[in-house]
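For the sequence shown, the residue numbers in UniProt numbering are 1 to 427. Below you'll find the structure, written out as structure tokens, and then a few comments.
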Amino acid sequence: MVTLKLSCVVLRDTEYVARSGWSKWREDPSVSLFREYLRLKTVHPEPDYDAALTFLSRMSVELGLPMKKVEVCSGRVVAIITWTGTNPALKSILLNSHTDVVPVYPDCWKHDPFAAVKDVDGNIYGRGAQDMKCVTIQYIEAIRRLKAAGKTFARTIHMMFVPDEEVGGHKGMESFIKHPEFQKLNVGFALDEGLANPTEDFTVFYGERNPWWVTIRCPGSPGHGSRFVENTAAEKLRRVINSFLDFREKEKHRLDMSECFTLGDVTTVNMTMVNGGVAYNVVPAEMDVSFDLRIPPTVNLQVCFEEQIEAWCKEAGEDVSYNFAQKFMHQNTTSTEDSDPWWRAFSSTCKAMSMTLKKEIFPAATDSRFIRAVGLPAIGFSPMNLTPILLHDHNEFLNEQVFLRGIDVYERLVPVLACMPPLTIEG
Ligand SMILES: [Zn+2]
């Protein structure tokens, strides 16, 4: 368990109030807004997206910025709040967040996961506290401050709120990225979610591993359970399982042996489903096994990886075949070279705030993969240091001081990105 060291944080946004013998901290309005948003039950399997859209409409009115709603699939609406720049012909800045959250096991939580309870240490508990309702409110609050300060920027800024990220994004970002309304946003650079970091550092993600979900079908000769039937499905199944799990061992070893590798640098393999058989005494005519593979962008998918799967199937025996339930092929990463103007703007601003960035490949999948797949640069970044990684976990929380610092971070970052001079490709 990671201990939060926050004693050095200055509580400059809170105010000490003594009232009728009782002492209490008056809460920063940004924190109250965050807690209000956490209470909306946008939780799968039936997220209350209407509640989120009502909330976001109110934000649009408060900010004095228009909000556009695009229904990409039935009941699945993407909302975009736009702050038009002084030179709207330039490529825009996209601040993306998803509105949905993953289910909870309420009995395993210290507090009601939809009550947004704040404890005496300022830790705010709630599903979505890290993933990623914090970022949504940080974007909104940073824009609110910049508007209130009378700033204007050359580039247009879009805050985009998408549904269904947690169920693969098929009725959210994956559909919207192909929509004419997305083209109209004229996006040049995107920010999206990242992960917490338990140390002083901040993690930024410039690529993602490719999820492949594969089922291997092993047909065999059926027969009576009392005999030595030749060419059984189970013998083939065993060879397939051995091939995949031997590879898993090797990759795990590579990760364990390297000091600089993270999960995003190796391929994970997990056997997740096995099917087959009808009775104890019947040798089945078929057995199937399914694997979840996450492959780093450095691996040649077609030549190395798919050929490897094909070879394992061939070695396992006659007629062993495979098919994919998911096979994401795009391997675009976002440049983190100092020669890249977007990266330079992002990283130098973080440096100016004394933030140390750790660049990584995201171990799982986010909506950023769809943005990168159409050739746009996207950085996955949730400004949460000194915070244990609790996304999808019980007792997900974020400390209010870390949350408030994140608003400062975006308040500095957004102007630098939105003031980026025209790039050569923009003429
Ligand atoms: Zn997320």
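We put the beta carbon where it would ideally sit given N, CA and C, even for glycine.
Any non-hydrogen atom of ligand 1 closer than 7 angstroms to residue i Cβ
i: MET132; result: yes
i: HIS170; result: no
i: GLU193; result: yes
i: THR366; result: yes
i: HIS98; result: yes
i: GLU165; result: yes
Residues sharing a beta bridge with residue i, DSSP
i: residue 477; result: As shown, the chain starts at 1 and ends at 427. That puts residue 477 outside it, with no answer to give.
i: PRO211; result: ARG294
i: LYS359; result: VAL204
i: TYR125; result: PHE397
i: GLY276; result: MET287
i: HIS224; result: VAL282
i: LYS68; result: ILE80
i: SER92; result: VAL187
i: TRP323; result: According to the sequence shown, residue 323 is Asn rather than Trp. ASN323 pairs with THR215.
i: ASP192; result: GLY380
i: THR268; result: ARG294
i: LYS118; result: ILE124
i: CYS73; result: ARG76
i: VAL43; result: VAL101
i: ILE157; result: TRP83 and ILE93
Exposure of residue i, with buried meaning 16 or more beta-carbon neighbours within 10 Å
i: ALA52; result: buried
i: LYS358; result: exposed
i: THR267; result: buried
i: LYS69; result: exposed
i: PHE55; result: buried
i: ARG209; result: buried
i: SER20; result: Summary for SER20: the model assigns pLDDT 38, below 50, so the residue's position carries little reliability; its value from the coordinates is reported in the next sentence. Exposed.
i: VAL77; result: buried
i: ILE425; result: exposed
i: TYR49; result: buried
i: THR26; result: As written in the sequence, residue 26 is Arg, which differs from the Thr given in the question. Exposed: under 16 other Cβ atoms inside 10 Å.
i: GLY150; result: exposed
i: SER23; result: With a pLDDT of only 39 at SER23, under the threshold of 50, the placement of this residue in the model should not be trusted, and no figure is reported.
i: GLY169; result: buried
i: GLY406; result: buried
i: PRO113; result: buried
i: MET384; result: buried
i: TYR105; result: exposed
i: ASN300; result: exposed
i: ARG254; result: exposed
i: GLY75; result: exposed
i: VAL414; result: buried
i: ALA79; result: buried
i: THR336; result: buried
i: LEU65; result: buried
i: LYS110; result: exposed
i: LYS178; result: exposed
i: ASN281; result: exposed
i: GLU200; result: exposed
i: LEU423; result: exposed
C-beta contact flag for residue i and residue j at 8 angstroms
i: ILE216; j: ASP288; result: yes
i: ILE371; j: ALA378; result: yes
i: ILE93; j: GLY188; result: yes
i: GLY264; j: PRO284; result: no
i: VAL101; j: PHE381; result: no
i: ASP367; j: GLY207; result: no
i: residue 434; j: SER30; result: Nothing about residue 434 can be read from this structure; the chain reaches only from 1 to 427.
i: MET420; j: ARG127; result: no
i: ILE140; j: MET59; result: yes
i: ILE157; j: ALA418; result: yes
i: GLY223; j: ALA233; result: no
i: ASN197; j: GLU318; result: no
i: SER243; j: GLU310; result: no
i: THR86; j: THR42; result: no
i: MET273; j: LEU245; result: no
i: LEU63; j: ARG145; result: no
i: PRO211; j: PRO47; result: no
i: GLU166; j: HIS44; result: yes
i: PHE202; j: ILE137; result: no
i: LEU398; j: CYS134; result: yes
i: VAL240; j: CYS313; result: yes
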